[in-house]
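Residue numbers (my numbering): 1 to 135.
Take a look at the structure:
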């Protein structure tokens, strides 16, 4: 039978974290948040970050785990709780996504950047829905 799973070739799924690698995820996150601190519209809302090194480590871990990596730190993530006080608008989410895309393009081959950007788009949409509900 052509669709018999016992005769289909075995395939191994490779999580995106393994394709990109932790050092590259860290480099993208570091570069992105350096750029945010000097961005004309994003620097102000993100000025509330008190410890940039910790913030970047948390976000490196976040992306690693979202991409399928095993947790290596005991961080908890609360997207809404962290971002609601920033007063982010749809325009700021657009700026965040554009800057993230620009940063990834500088570090990754196009297919990997596209796949990671798709994940970021999903987060952007979640933020938009959250803010629309709260306003």
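Note that the Cβ used here is the ideal one computed from N, Cα and C, for glycine as well. The model shown is predicted, which means the values in this text are computed figures rather than measured ones.
Alpha-carbon spacing of residue i relative to residue j, whole angstroms
i	j	result
residue 108	residue 114	9 Å
residue 136	residue 97	Residue coverage of the chain in this structure runs from 1 to 135, which leaves residue 136 outside it and unanswerable.
residue 127	residue 110	25 Å
residue 137	residue 40	The question about residue 137 has no answer here: the residues shown for the chain are numbered 1 through 135.
residue 124	residue 93	6 Å
residue 23	residue 87	31 Å
residue 95	residue 45	12 Å
residue 185	residue 43	An answer regarding residue 185 cannot be provided, because it is not within the stretch 1 to 135 covered by the chain.
residue 106	residue 20	13 Å
residue 82	residue 58	12 Å
residue 65	residue 37	25 Å
residue 56	residue 119	18 Å
residue 101	residue 77	22 Å
residue 112	residue 29	15 Å
Residue i, enclosing alpha helix (DSSP H) - first and last residue
i	result
residue 104	90-107
residue 39	Counting along the chain, residue 39 falls outside any alpha helix (DSSP H), and DSSP gives it neither H nor E.
residue 48	Looking at the DSSP string, residue 48 is not in any alpha helix (DSSP H), and its letter there is neither H nor E.
residue 18	16-20
Outcome for residue i when other beta-carbon atoms lying within 10 angstroms are tallied against a minimum of 16
i	result
residue 75	exposed
residue 1	With a pLDDT of 48 at residue 1, under the threshold of 50, the modelled position of that residue is not reliable, and the figure given next carries that caveat. Label assigned to residue 1: exposed.
residue 48	exposed
residue 61	buried
residue 33	buried
residue 104	buried
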